[in-house]
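K.L.:
Below are the structure tokens for one structure; questions will follow.
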Amino acid sequence: MTATALPAARVTWKATLAALGLAVVGALVINTVIALVARALGVPSEFQQLTLPVYGPLTVIGTLISAIVWRVVVNRSARAGRVLRVLVPVVLVLSLIPDVMLLVSKSQPGTTTGGVIALMLMHFGVAAAAVPAYRRFMPPRG
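And the structure:
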């Protein structure tokens, strides 16, 4: 007896946009809290990466890309859940590489260890907002 693979689920654009909207709002709120706490803990104002004009667009772009990738995986893979359980942590770790490089080089004005840690936490903040939204509106199979 052979097992047949289930067809991949189909995610509508309406569901994708709902997930994206919720994820963007949640990620911006989380990242704003992280930035405010980092400033309160002494990250200097010269470290511009913790200002909304810098992290805001990057948060939106990262969330948009992740929603599209999530949608593609769910729509094309019969084992999307398994794929995403590997893909999400791998991409999250890879997204930290520029922050690690910034920490090592400290090439930007006002760069401190605390500032870079805040940037790293923002990546986790985006994932913390996006993954539940995507799972709710674009549930993976398998």
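Throughout, our numbering is defined as the position within the sequence shown, counted from one, plus 7.
From the three backbone atoms N, C-alpha and C, an ideal C-beta is built for every residue, glycine too.
(1) Can you grab the Cα-Cα spacing for the pair Val-100 / Pro-146, in whole Å?
(2) Mind checking Ala-125: buried by the 16 CB within 10 Å criterion, or exposed?
(3) Can you tell me where the alpha helix (DSSP H) with Met-127 in it begins and where it stops?
(4) Measure the C-alpha to C-alpha separation of Ile-41 and Leu-29 and round it to an integer number of angstroms.
(5) Please state if the CB of Ala-47 and the CB of Gly-149 are separated by a distance shorter than 7 angstroms.
(6) Verify whether the separation of the beta carbon atoms of Phe-144 and Ala-25 is less than 7 angstroms.
P.N.:
Short version:
(1) Position 93 of the sequence shown holds residue 100. Position 139 of the sequence shown holds residue 146. Using only the alpha carbons, I get a separation of about 23 angstroms.
(2) Position 118 of the sequence shown holds residue 125. With 16 or more other Cβ atoms within 10 Å, it is buried.
(3) Indexing the sequence shown from 1 puts residue 127 at position 120. 120-144 is the span of the alpha helix (DSSP H), which, as asked, contains Met-127.
(4) Residue 41 sits at position 34 when you count from the first residue of the sequence shown. Residue 29 sits at position 22 when you count from the first residue of the sequence shown. Using only the alpha carbons, I get a separation of about 18 angstroms.
(5) For the purposes of this step, residue 149 is identified with residue 142 of the sequence shown, where counting begins at 1. For the purposes of this step, residue 47 is identified with residue 40 of the sequence shown, where counting begins at 1. No, the Cβ-Cβ distance between Gly-149 and Ala-47 is not below 7 angstroms.
(6) Your numbering for residue 144 matches position 137 in the sequence shown. Your numbering for residue 25 matches position 18 in the sequence shown. Yes, the pair counts as a contact, with Cβ atoms nearer than the cut-off.
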